[in-house]
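**Student:** Residue numbers (the working numbering): 40 to 257.
For every residue, glycine included, the Cβ atom is placed at its ideal position computed from N, Cα and C.
All values reported here derive from a predicted model rather than from experimental measurement.
1) Out of 98, 118, 181 and 65, point me to the one whose CA is closest to residue 248's CA.
2) To the nearest angstrom, how far is it from the Cα of residue 216 to the Cα of residue 125?
3) Okay, do the stretch 182-191 and the stretch 147-156 touch, 3+ Cβ pairs below 8 Å being the bar?
4) Please say whether residue 135 and residue 165 have beta carbons closer to each other than 8 Å?
5) Return the chain-ordered list of same chain residues with a C-beta closer than 7 Å to the C-beta of residue 82, the five sequence neighbours on each side being excluded.
6) Could you tell me if residue 221 is buried or exposed, where buried requires 16 or more neighbouring beta carbons within 10 angstroms of its beta carbon?
7) Going by Cα to Cα distance, which pick from 143, 177 and 123 is closest to residue 161?
8) What's the gap between the Cα of residue 84 and the Cα of residue 94?
9) Which residue from 195, 144, 203 and 196 puts its Cα closest to that of residue 175?
10) Tell me which residues share the same chain as residue 205 and place their Cβ nearer than 7 Å to its Cβ, disregarding the 5 neighbours each side in the sequence.
11) Starting from the N-terminal side, write out each stretch of the beta strand (DSSP E) that is 3 residues or longer and does not extend beyond the stretch 162-203.
12) Does the beta-carbon of residue 79 have 16 or more other beta-carbons within 10 angstroms, so that it is buried, or is it exposed?
13) Out of 147, 44 and 54, which one is the CA nearest neighbour of residue 240?
14) Since residue 177 contacts residue 214 with CB under 8 Å, what's their CB separation in whole angstroms?
15) What's the C-alpha gap between residue 185 and residue 209?
16) Would a C-beta distance cut-off of 8 Å place residue 50 and residue 88 closer than the cut-off?
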C-alpha cells in the first residue's frame with residue numbers, strides 16, 4: 040500500500056484533533072505518522088511532524104520538550120532549504136522562549152523568522168510571522184506598534200479567507216490589550232463565538248482562558 044499516503048492521512052487527522060483540542064488523539068496520530076515517515080525515510084516530513092508535536096507540547100505547557108523538538112526540526116528544514124518550514128519553526132521557538140520569559144532570545148528567533156518569511160511566497164507564513172512579531176513587541180512594552188501590526192494582520196487574513204489565522208491574530212490582539220491594561224472582554228467574547236460557530240474548539244478554549252485571566256486582573 041501507499042505508506043506515505045497513510046502517514047499523510049494520519050498527520051491530517053492529528054491536525055483535526057488538535058483543532059478540536061483533543062490533545063491525546065492528536066499526539067497518537069502524529070506519533071503514528073512520524074513512525075511511518077521515519078521507516079520510509081521521509082526526513083522532511085518527519086521534521087514537519089516533529090514541529091506539530093512541538094506545538095502540541097507547547098499548548099500543554101511542556102516547554103522544554105517543545106524547544107528540543109523544534110530545534111531538531113529546524114536543523115532538518117535548514118539542511119533541506121525549506122525556508123517556509125524553517126520560518127515556522129523559528130516562530131514556534133520564539134513562542135516557547137516568550138512563554139519562558141526569555142524576551143531577548145525570542146526577539147532573535149522572531150527576527151530570523153521575519154527574514155525568512157520576507158522571501159516566502161506563502162501568504163499564511165507572512166501572516167503568522169506578523170502575529171508573532173506583534174506578540175514579541177507587546178512583551179517588550181511596545182503595545183501601540185503591536186496593536187497596529189495585529190489590526191493589519193486581522194484585515195489581511197479576513198480579506199484572504201484565512202479564518203483560523205484571523206482568529207489567532209484577534210486572540211493575540213486581546214493579549215496585547217491585556218498587557219496594556221485595556222479591557223479585552225468584548226473582543227474575547229467575539230473570538231469565542233466565531234470559533235465555536237466554525238468548530239475551532241482550541242481557539243475557543245484559549246479565548247475562554249484569556250477571558251478568565253482578564254476577569255481576575257480586573
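**Tutor:** With the structure as the only source:
1) Here residue 248 refers to the residue found at position 209 when the chain shown is read from its first residue. For the residues 98, 118, 181 and 65, the minimum Cα distance to residue 248 belongs to 98.
2) To locate residue 216, count along the chain shown from 1; it is residue 177. To locate residue 125, count along the chain shown from 1; it is residue 86. One alpha carbon belongs to residue 216, the other to residue 125, and they sit about 30 Å apart.
3) Here the stretch 182-191 makes no contact with the stretch 147-156; the two share fewer than three CB pairs at distances below 8 Å.
4) One-based indexing of the chain shown puts residue 165 at position 126. One-based indexing of the chain shown puts residue 135 at position 96. For residue 165 and residue 135, no; Cβs fall outside 8 Å.
5) Start at 1 with the first residue of the chain shown, and residue 82 comes out as number 43. Setting aside the 5 residues that flank it on each side, residue 82 is surrounded in the same chain by 115, each with a C-beta closer than 7 Å to its C-beta; the list follows chain order.
6) Here residue 221 refers to the residue found at position 182 when the chain shown is read from its first residue. Counting of Cβ neighbours within 10 angstroms places residue 221 among the exposed residues, the total staying below 16.
7) Position 122 of the chain shown holds residue 161. When each option's Cα is compared against that of residue 161, the closest is 123.
8) As a working note, residue 84 is residue 45 in the chain shown. As a working note, residue 94 is residue 55 in the chain shown. It is roughly 15 Å from the alpha-carbon of residue 84 to the alpha-carbon of residue 94.
9) The residue given as residue 175 occupies position 136 in the chain shown. The shortest C-alpha separation from residue 175 is found at 144.
10) Counting from one through the chain shown, the residue named residue 205 turns up at place 166. 193, 196 and 197, listed in sequence order.
11) Entirely contained in the stretch 162-203, not one beta strand (DSSP E) run reaches 3 residues.
12) As a position in the chain shown, residue 79 is number 40, starting the count at 1. So residue 79 counts as exposed.
13) Start at 1 with the first residue of the chain shown, and residue 240 comes out as number 201. That would be 54, whose Cα lies nearest to the Cα of residue 240.
14) Start at 1 with the first residue of the chain shown, and residue 177 comes out as number 138. Start at 1 with the first residue of the chain shown, and residue 214 comes out as number 175. About 7 Å separates the beta carbons of residue 177 and residue 214, which is inside the 8 Å limit, making them a contact pair.
15) Along the chain shown, read from residue 1 onward, the residue named residue 185 stands at position 146. Along the chain shown, read from residue 1 onward, the residue named residue 209 stands at position 170. Distance between the alpha carbons of residue 185 and residue 209: 12 Å.
16) Mapped onto the chain shown, residue 50 falls at position 11. Mapped onto the chain shown, residue 88 falls at position 49. Yes; because the gap between Cβ atoms is below 8 Å, this pair is in contact.
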